[in-house]
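See structure below.
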Amino acid sequence: MQKTPLIVQSEAYLEGAKRGVRYLEQLSDRQVQPELSRLQQLDRSLPEAGLPLQNILDTMAGIGGEGTVASAAGRYFGYVIGGALPAASAARSLLSAWDQIADSLTGPSVVQMEETAISWIVELLGLPEGTNGAFTSGATMANMALIVTARDVLLSRQGHERGAGLIGAPRLRIVAGREIHATVLKSLRMAGLGTQDIEWVDVDDQGQMKLDEVPELDERTLVLAQAGNVCTGAFDPFEGLAEKCRAANAWLHVDGAFGLWAKVSEEAGFKLKKLDGADSWVVDSHKTLNTPYDSGLALCRHPEDMQASMAIGASYLPAADPNPADRAPEFSRSARGAETWAALLSLGRAGVVEMVDRFHGHAKRIAGDLSALGFTVPHDVHFNQVFVTLPKNEDACARITEHVQNSGEAWFGPATWQGKTGFRISVSNWATNDEDIDRLIAAIAKAKAEIVG
């Protein structure tokens, strides 16, 4: 008897899942660095006839699997990538079978999950009542959506209609700290505002914007702040910035892709207590919360303004409420917010706090252990980022980094910060444990002994 299409699909789904399970089971024992020797075998001509599923999956699991960076395991400390919580990974698998679009008409259950997840995050982060937003592919698109919203609001205050775009628009002012993340600058360019005329504010020795050097603001001003300096994890002075923006009727936007989650922690989040004074915030689920890629979140205390900038209709689409597309750049997209819903349900409030505190604790331990080995950490450990250098031998840092990467024991990357050359360690994976930190420190100590002595 011939198999139905859905039976064929379900069997294929199981075959892929088996290989995924095998990959995860072996991940803790393999090197973190990818094996690239067979990568070119994936670059082949398109076959005239399709290949059997088993051949495709075997190639993908074999050559493709060994060519991955083991970022899902606990010994990856490179970019702030995070891992994937079990509940979030399982939800991804189920969502793949559902194949739903995040729209009330085509995916009502996943939209409800997303709306609920947003309300939980607003509550967890202590943001103003009524704050709403939308899931995006990541912080870059979330920043762009909110910068466009802010742009439209600021221009409308000058009498410029939203529908006119930037044609004939009055100039706006952009104020930002000198260490704002590069993706915010990319978002500014995509929003048509550019970066040439940014009014830069100097930062202190932690990478935090100096409040007393913020220029006089007005109702044409967009202020860009950050929660989580990419090298130090530091936070800009939100309370003072909010007061200045409120007095001038300026718009305060906070890029908090990984750092906004520190708000839930008593120790790491004390500088975020007045975060609610901003107009918009960006936070990722796929970093600190550990959902699978990709999942960012744009949040606005004025969701009606966000909807005015993002919503658009089509003749074939009936009205739907809620409709996530009304607050997001994408017209149709995957139901990525349902993974956040599953992650938050699996952790609960206490679990989110514990995971954030654990990241902070690991970072403090790394800073202390490396300082004892003769390295210097030239900043306080604000959250999960640690910048490390050797003041009298900075050139050795690149060789130490490469030595550890090639050992397969751990992975982190080189970095420069405020004129210093070193390396950066990021802690953002739920799976990272004390043994992983032991192996990281041992690998760095061994590299230093062989390179520096």
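Mapped onto my numbering, the consecutive letters of the sequence shown carry residue numbers 690 to 1142.
Where is the CB? At the ideal position from N, CA and C, for every residue including glycine.
Continuous beta strand (DSSP E) assignments of at least 3 residues falling wholly in the segment 1109-1136: 1109-1115
First and last residue of the uninterrupted beta strand (DSSP E) at C989: 985-989
Beta-carbon contacts of Q897 that lie in its chain and below 6 Å, excluding the five residues immediately before and after: A923, D925
Candidates Q729, A762, A738: closest to M749 by CA position: Q729
Residue environment, R711, which counts as buried when at least 16 other CB atoms sit within 10 Å: exposed
Delimiting residues of the beta strand (DSSP E) encompassing Q915: 910-915
Supposed contact pair L964 and H942 - C-beta distance, whole angstroms, cut 8 Å: Not confirmed; about 12 Å, so no contact.
Nearest-angstrom Cα separation, counted from V697 out to A997: 44 Å
Three CB pairs or more closer than 8 Å across the segment 763-779 and the segment 980-992: Output reads yes: the segment 980-992 touches the segment 763-779.
Alpha helix (DSSP H) segments (min. 4 residues) lying fully within the segment 731-759: 742-748
CA-to-CA distance, M830 to G739, given in whole angstroms: 36 Å
contact_flag[the segment 1070-1080, the segment 1121-1128] where n(CB pairs < 8 Å) is 3 or more: no
Reference G1063; option with closest CA among P904, G948, A1134: A1134
E1019 versus M999 - alpha carbon distance: 9 Å
Beta-carbon proximity check, V800 vs A791, cutoff 8 Å: yes
Spatial distance of G1057 from V1075 (CA atoms): 10 Å
Classification of Y765 by the beta-carbon crowding that lies within 10 angstroms, buried from 16 upward: buried
A987 vs G822 beta-carbon contact at 8 Å: A contact, by the Cβ cut-off of 8 Å.
Start-to-end residues for the alpha helix (DSSP H) that takes in E1043: 1026-1061
Nonlocal neighbours in the same chain, by C-beta distance under 6 Å from V1070, ignoring five residues either side: A1052, K1053, A1056
V1093: first and last residue of the uninterrupted beta strand (DSSP E) it sits in: Where V1093 is concerned, there is no enclosing beta strand (DSSP E), although the alpha helix (DSSP H) around it starts and stops at 1084-1096.
Nearest candidate by alpha-carbon position, reference M805, set L961, P1013, S1096, A1131: According to the sequence shown, residue 805 is Thr rather than Met. Per the Cα distances, P1013.
Same chain, Cβ closer than 8 Å to R672, five either side skipped, listed in chain order: The question about residue 672 has no answer here: the residues shown for the chain are numbered 690 through 1142.
Contact set for V953: own chain, Cβ-Cβ below 6 Å, skip 5 residues either direction: L813, V1041, V1042, V1045
Alpha carbon of A744 to alpha carbon of P694, nearest angstrom: The sequence shown places Asn at residue 744, not Ala. Roughly 20 Å separates the two Cα atoms.
Span separating the alpha-carbon of G1050 from that of G767: Near 17 Å, if we compare the C-alpha coordinates of G767 and G1050.
Close beta carbons around G1169, own chain, < 8 Å, minus the five adjacent residues each side: Nothing in the structure corresponds to residue 1169, since the chain is present only between 690 and 1142.
L813 (DSSP reduced to helix, strand or coil): helix
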